[in-house]
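Take 1 as the starting number for the sequence shown in full-length UniProt numbering and just add one per residue.
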Amino acid sequence: MKDGTKEEYELLHELEKPYLAGTADRLLRELAGQADETLSGYRITRLEHGLQAATRARREGADIDWVVATLLHDIGDGLAPQNHDKFAAEIMRPFMREEVTWVVEHHGIFQMYYYAHHYGWDRELRQKYADSPYYQSCVDFCERWDQSSFDPEYRSDPLESFADEVRAVFARKAWDPAVIAAGEARGLPPAA
């Protein structure tokens with residue numbers, strides 16, 4: 001890399017643009033590939049969990065960042081099962097507001113509230129984030145959209161119905177301060 005010229009790096013920059021523009025479609029393909037993938041013991045696939053959660057968000061009137069993030073929040077389960085939440089948040093961070101990516105990044109520890117006590121673990125570990133302006137958004141995300149989305153009877157919207165929203169989010173200018181809205185806590189829409 002150190003021997004590259006300005007002209008070579010300008011060429012690479014131009015050649016990289018179509019690849020960057022294909023991020024949304026690669027994410028959609030990854031989700032589609034989860035249609036047959038499940039963790040032992042679960043009654044739905046990883047894809048169905050994301051679809052259920054995103055459908056719940058959509059039906060409650062959530063904005064595009066919440067809907068797309070909810071669809072993608074567990075996309076890292078297969079490649080990063082020990083830190084899937086942080087993995088997913090890093091994919092979203094350049095394109096979504098800070099509140100939403102913070103919630104995705106921390107949802108794993110917040111979800112422990114529902115099951116940690118069964119293992120003898122501390123279910124209140126999320127309290128260490130109680131001072132965050134995004135704390136309540138994460139509590140609400142887990143309660144309303146994540147933990148309830150393992151229902152084999154729930155009728156979720158199909159993956160194709162989310163494609164335009166995913167493409168719109170990942171077509172944004174990366175790291176746009178107006179999109180990132182650092183420090184701004186909007187919360188989830190009122191519960192339906």
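Ideal placement from N, C-alpha and C gives every residue a C-beta, glycine not left out.
This one's a predicted model, so the numbers in the text were calculated from it and none came from an experiment.
- Where MET92 is concerned, the enclosing alpha helix (DSSP H) starts and stops at 84 to 92.
- Your pair ASP65 and VAL139 does not check out as a contact, with CB atoms roughly 18 angstroms apart and the cut at 8 angstroms.
- Distance check between LEU159 and each of ASP151, LEU39, VAL68 and ALA21 places VAL68 closest, using alpha-carbon atoms only.
- One Cα belongs to LEU12, the other to ASP157, and the distance between them is close to 39 angstroms.
- For THR101, the uninterrupted alpha helix (DSSP H) segment begins and ends at 98 to 111.
- By the Cβ criterion, the segment 143 to 156 is in contact with the segment 42 to 58, since at least three pairs of Cβ atoms, one from each stretch, lie closer than 8 angstroms.
- By the criterion of at least three beta-carbon pairs nearer than 8 angstroms, the segment 123 to 137 is not in contact with the segment 31 to 45.
- Here GLY76 is buried, its C-beta having at least 16 other C-beta atoms within 10 Å.
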